[in-house]
Amino acid sequence: MSSRDKEEQEDELLALASIYEEDEFKRAESAQGGEISICLELPPNFTIFVCGDEKQNKKEPIEYIVSFLPPLVLNFELPPDYPSCSAPKYTLSCKWLFRAQLSALCACLDRIWKDNGSCVVLFSWMQFLKEETLSVLRIESPLEIQRNIKGKSDCIFSNKKREFGSQDKTENLKEEFPLDLRAIQDVESWASILREILDFDQSQQQKAFNSKLFSCNVCFSEKLGIDCMYFKECKHVYCKACLKEYFEIQIRDGNVQCLNCPEPKCTSIATPAQVKELVEEEMFARYDRLLLQSTLDLMADVVYCPRTICKSVVVLEPGNTMGVCPGCRYAFCALCEMAYHGISPCRLKAEKLSELRDEYLNTDESGKMLLEKTYGRRVIQKAVEELCSQEWLYKNSKPCPRCGTNIQKAYGCNKMSCTSCKQYFCWLCLCPLSRINPYGHFSDSSSPCFNELFQGIEFEAEDDVLSDEDDDGIV
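In the working numbering, each residue carries its 1-based index in the sequence shown increased by 14.
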């Protein structure tokens, strides 16, 4: 190696390392060489067109707008007499181009070397691949992903100008540019191509976003994209600190379905991945639990086991009201949440009587027919009557402290006598009274009802007198 070649090689490698980032240019440690990754400059709204899969009955095409495609990778090694005599040894690989297309690019690189007049050429190669690959191969949007007709591999080609991209024209390329051993089609399968394109596009977009400066519409401060987050649908940007506080407030309040974009009238919703990135682990666990619960609550065929010690999720069979808990194996009716009773009408729980009565009395005829069909007409009428009776007893009677019989105070003083067990008791505090001296409760100064024997009574005549007949209650 001449000193001039050695010096030019070193200067070129140092220049490339200073111009490009590490993910674009990597210098080899053991030899004069390295790896160059070239991302193409795509026009705005560049589209990937995915054909339907007839084997899976998916005939409708799908389009994806991308800003970046996986790079062309140029692995090179500089021979000792480069650049004075020999060109760099290299391989050119790509995930989304035919070998014939890559061979055509290799021919262009060789031509650039010949036209360069024994000067360093790596930078010229990089600029050519970055700026002219699409035009040289006549590739335009939309790019169509389709299987290779001969089944050797999968490929992508242009859907509009199919001159170098189509299968027929690829054969012409093979005739014009024989397959070059330095051209490597780095692809595994049709599915992997699409996944790698979309993943690479997302990572590159995030990288570009992180380096830009944005103004948060909540705190009105300017921050780099790496400290910000944007909603996928609307692209509105906010700083992570503001979104973190906003998410945590909503999650604490249980509003996990309302993690919308803070922009007024915007309906974009944060993804679970975005929420997980911002909030603490414990807060995200609460969000995840509430989100699952709210989602299940919206599903008509999903209920919860009524046993308080279980509460497992139960999926009902279509048109069936019987649920069998997968946890405790309890079989229950999904309507009344009691043990399954077959075709017999549902039995109503006491706490549901008031709600059912109000619903039945306030609904229209079709609603009443539905309730009667669900619970049975006799059952629902009996339930309404029992509830009305219970409400009347609650308002107009009190239970005997001895036997629990409901006693109504029709007249007289506050010394009551149970019509069932004949126990004397105080109407005010329901305290049992002595049969020998029942009025002592009202004359004892230490009693809570001292001097309140006639409390709440309006006398109609001045000759009202105390009598046991006047203070008896009725059932």
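For glycine and all other residues, C-beta sits at the position ideal for the given N, C-alpha and C. None of the values given here were measured: they were computed from a predicted structure.
{"Query": "Stretch pair the region 297-305 + the region 319-336: three plus CB contacts closer than 8 Å", "Result": "no"}
{"Query": "Identified DSSP bridge partners for asparagine 420", "Result": "Pro413"}
{"Query": "For aspartate 182, three-class secondary structure by DSSP", "Result": "For aspartate 182, the predicted structure reports a pLDDT of 49, less than 50, and the residue's modelled location is therefore unreliable. The matter cannot be settled from this model."}
{"Query": "Alpha-carbon to alpha-carbon, glutamate 210 and serine 51", "Result": "15 Å"}
{"Query": "Simplified DSSP state of alanine 197, which is helix, strand or coil", "Result": "strand"}
{"Query": "Contact set for cysteine 272: own chain, Cβ-Cβ below 7 Å, skip 5 residues either direction", "Result": "Gln264"}
{"Query": "Contact belief for cysteine 443 with lysine 429 at Cβ below 8 Å, rounded distance in angstroms", "Result": "Contact doesn't hold; Cβ gap of about 12 Å is too wide."}
{"Query": "Same chain only: Cβ atoms within 6 Å of glycine 337, ignoring 5 sequence neighbours per side", "Result": "Val317, Val328, Leu330, Phe346 and Ala348"}
{"Query": "Own chain residues within Cβ distance below 8 Å of serine 326, not counting five before or after", "Result": "Tyr318, Cys319, Cys339, Pro340, Gly341 and Cys342"}
{"Query": "C-alpha distance - alanine 118 paired with isoleucine 76, whole-angstrom precision", "Result": "30 Å"}
{"Query": "Close-in-space but distant-in-sequence residues of the same chain around leucine 212 (CB under 7 Å, 5 per side omitted)", "Result": "Tyr78"}
{"Query": "Proximity below 8 Å, CB of proline 97 to CB of aspartate 19", "Result": "yes"}
{"Query": "Pick from Phe63, Cys120 and Glu55 that is closest to serine 81, judged by C-alpha positions", "Result": "Glu55"}
{"Query": "Sequence-distant residues of its chain with Cβ nearer than 7 Å to aspartate 200 (five each side left out)", "Result": "Ser107, Cys108 and Lys109"}
{"Query": "Same chain, Cβ closer than 8 Å to glutamine 218, neighbours up to 5 away in sequence not counted", "Result": "Cys53, Ser81 and Phe82"}
{"Query": "Touching by the beta-carbon criterion (3+ pairs, under 8 Å), the region 119-130 and the region 30-50", "Result": "no"}
{"Query": "Span separating the alpha-carbon of cysteine 133 from that of glutamine 23", "Result": "10 Å"}
{"Query": "Cα-Cα separation between alanine 121 and lysine 226, rounded to whole angstroms", "Result": "38 Å"}
{"Query": "Three-state secondary structure assigned by DSSP to glycine 268", "Result": "coil"}
{"Query": "Length-filtered (4 minimum) alpha helix (DSSP H) runs lying within the region 72-159", "Result": "113-129 and 136-150"}
{"Query": "Burial state of tryptophan 406, where buried means 16 or more other Cβ atoms lie within 10 Å", "Result": "exposed"}
{"Query": "Separation of glutamate 236 from arginine 113, as counted between CA atoms", "Result": "47 Å"}
{"Query": "First through last residue of the alpha helix (DSSP H) which encompasses phenylalanine 298", "Result": "295-311"}
{"Query": "Beta-carbon gap between glutamine 404 and serine 411 smaller than 8 Å", "Result": "no"}
{"Query": "Cut-off 6 Å between Cβ atoms - residues of its own chain near lysine 164, not counting five sequence neighbours on either side", "Result": "For lysine 164, the predicted model reports a pLDDT of 42, less than 50, meaning its position is unreliable and no value from the coordinates is stated."}
{"Query": "Reduced DSSP secondary structure (H/G/I, E/B, other) of tyrosine 438", "Result": "strand"}
{"Query": "Short Cβ contact (8 Å threshold) for leucine 92 with glycine 47", "Result": "yes"}
{"Query": "C-beta atoms of valine 289 and phenylalanine 245 nearer than 8 Å", "Result": "no"}
{"Query": "Euclidean distance between Cα positions of isoleucine 471 and glutamate 369", "Result": "35 Å"}
{"Query": "Buried versus exposed, by CB contacts within 10 Å (16 or more), glycine 426", "Result": "buried"}
{"Query": "Boundaries of the beta strand (DSSP E) in which phenylalanine 39 is found, first to last residue", "Result": "39-41"}
{"Query": "Contact under 8 Å by Cβ, valine 232 with lysine 258", "Result": "no"}
{"Query": "Run of the alpha helix (DSSP H) containing leucine 27, from where it starts to where it stops", "Result": "17-33"}
{"Query": "Cα-Cα separation, glutamine 395 to histidine 250", "Result": "57 Å"}
{"Query": "Residue burial classification, leucine 467 (beta-carbon count within 10 angstroms, cutoff 16)", "Result": "buried"}
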